[in-house]
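J.:
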Amino acid sequence: MILKKLYHQWYFHRSLDHPASRIASLHLAWRSDAYVSPRASVYYPGRVVLGRGAEIHDYAMLNYRSGPGGAAPNLFIGENTKIMPHAKLVPQQGWIRIGRNCSIQYGCLLYGVGGLEIGDDSRIAAYTIMTPMNHVFADPRAPIRTQGETAEGIRIGRDVWIGAGVRIVDGVIIGDGCVVGAGSVVTKSLPPFSVAVGVPARVLYSREGGPPTGTGAAAPATGPLDAR
Ligand SMILES: CC(C)(COP(=O)(O)OP(=O)(O)OC[C@H]1O[C@@H](n2cnc3c(N)ncnc32)[C@H](O)[C@@H]1OP(=O)(O)O)[C@@H](O)C(=O)NCCC(=O)NCCS
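Everything in the sequence shown is counted per our numbering, starting at 248 for the first residue and increasing by one.
1) May I ask whether a heavy atom of ligand 1 can be found less than 8 Å away from the beta carbon of Gly209?
2) Mind checking which residues open and close the beta strand (DSSP E) that includes Tyr452?
3) Tell me whether the beta-carbon of Pro439 lies closer than 9 Å to the beta-carbon of Asp423.
4) With a threshold of 6 Å on Cβ separation, who are the neighbours of Glu455 within its own chain once the five nearest residues in sequence on each side are excluded?
5) Could you give the distance in angstroms between the alpha-carbon of Asp305 and the alpha-carbon of Asp386?
6) By the three-class DSSP mapping on this structure, what secondary structure does His382 have?
7) When we look at the beta-carbon of Arg392 and count the other beta-carbons within 10 Å, is it buried (16 or more) or exposed?
8) Assign Trp342 to one of two classes, buried (16 or more other C-beta atoms within 10 Å of its C-beta) or exposed (fewer than that).
9) Is it buried or exposed for Ile249, if we count other Cβ within 10 angstroms and need 16 for buried?
10) Can you round the beta-carbon distance between Ser350 and Met377 to whole angstroms, since I take them to be within the 8 Å contact cut?
11) With a CB to CB cut of under 8 Å and the five nearest residues on each side skipped, what residues in its chain are close to Trp408?
12) Looking at the structure shown, is Arg347 part of a helix, part of a strand, or coil, going by DSSP?
13) Tell me, please, which residues DSSP counts as bridged to Val416.
14) From this set, Val337, Ala318, Arg299, which residue's C-alpha is nearest Lys329's C-alpha?
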């Protein structure tokens with residue numbers, strides 16, 4: 248019993264080791280031409296690639312428990328992109344790639360299981376959550392945790408504004424130039440330049456004019472998800 252307790256303390260302390268993650272922040276700041284707050288929590292800094300002028304602010308969390316996936320970089324943050332306080336970027340066994348000049352605002356939670364891409368110049372408002380993964384739950388008699396997962400990934404285009412508290416589920420592609428209203432839940436892909444709101448998100452109109460193009464009706468601006 249005591250041994251088991253000690254083992255648990257040791258096992259979780261490995262990744263919850265705050266002094267170590269502070270050192271990781273310094274390591275990342277040292278080898279990047281970027282700002283990394285000493286109050287940010289950085290795990291596996293060798294897997295993080297920061298563009299010039301990127302900013303990682305107080306209490307942001309990078310790469311929590313993403314170590315078992317290997318040593319290759321899995322979190323890419325582009326030039327001049329700002330990761331604001333309490334935002335959490337968690338690639339886990341996948342990857343997250345954020346372009347240039349983006350902002351990831353306070354308290355966002357971005358997972359990367361099936362791959363998550365955010366294009367240049369996009370703004371992700373506070374407390375948005377992106378979850379590129381689903382649990383399989385086909386068998387009602389078996390525990391969901393034993394049934395595996397599916398993960399297609401999420402792609403957000405360039406110059407997209409995601410409002411505060413939005414949820415985006417797996418498989419969604421949001422085209423270039425879209426605006427998504429605060430509190431929306433995006434369950435289907437949005438054509439480029441759509442303004443979409445609600446639960447589930449529906450297209451109100453196109454920023455390019457003309458009638459609403461309809462949720463998920465048109466092909467996305469870019470090709471299928473991949474790990475470029
Ligand atoms: C979507 C948004 C940008 C407004 O766009 P707009 O084109 O000016 O839309 P309107 O205000 O004219 O609203 C059009 C309709 O959508 C509805 N609507 C607007 N925003 C909505 C939202 N977030 N959720 C649900 N419905 C919404 C309006 O009530 C209105 O409905 P109605 O036609 O039945 O009256 C704005 O409402 C929004 O959600 N902004 C995000 C703010 C934010 O999160 N800021 C974070 C700081 S970066």
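Glycine included, every Cβ here is placed at the ideal spot set by N, Cα and C. Bear in mind the structure is a predicted one, so any value in this text is a computation, not a measurement.
T.: Here's the rundown:
1) Because the chain is modelled from 248 through 475, residue 209 falls outside the range shown and cannot be assessed.
2) As a working mapping, residue 452 is identified with position 205 in the sequence shown. Note, Tyr452: beta strand (DSSP E), 449-453.
3) Your numbering for residue 439 matches position 192 in the sequence shown. Your numbering for residue 423 matches position 176 in the sequence shown. Closer than 9 Å, so yes.
4) Looking up residue 455 in the sequence shown gives position 208. If we look at Glu455 and ignore the five residues flanking it on each side, its Cβ neighbours are Phe440.
5) If you number the sequence shown from 1, residue 305 lands on position 58. If you number the sequence shown from 1, residue 386 lands on position 139. Rounded to whole angstroms, Asp305 and Asp386 show a C-alpha spacing of 43 Å.
6) Within the sequence shown, residue 382 is the residue found at index 135, counting from 1. The answer is strand: DSSP assigns His382 an E or B state.
7) For the purposes of this step, residue 392 is identified with residue 145 of the sequence shown, where counting begins at 1. Its Cβ having fewer than 16 others within 10 Å, Arg392 is exposed.
8) As a first step, residue 342 is located in the sequence shown; it is residue number 95 there, counting from the start. Trp342 is buried by the Cβ-count criterion.
9) In the sequence shown, residue 249 corresponds to position 2, counting from 1. So Ile249 counts as exposed.
10) Here the question's residue 350 lines up with position 103 in the sequence shown. Here the question's residue 377 lines up with position 130 in the sequence shown. Not quite, the Cβ-Cβ distance comes to about 15 Å (not below 8 Å), so this is no contact.
11) The residue labelled residue 408 in the question sits at position 161 within the sequence shown. Around Trp408: Ser369, Arg370, Ala372, Cys425, Val426, Val427.
12) For the purposes of this step, residue 347 is identified with residue 100 of the sequence shown, where counting begins at 1. Three-state DSSP puts Arg347 in coil, outside helix and strand.
13) Against the sequence shown, residue 416 aligns to sequence position 169. Its beta-bridge partners are Thr378.
14) Stepping through the sequence shown from its first residue, residue 329 is reached at position 82. Answer by Cα proximity: Arg299.
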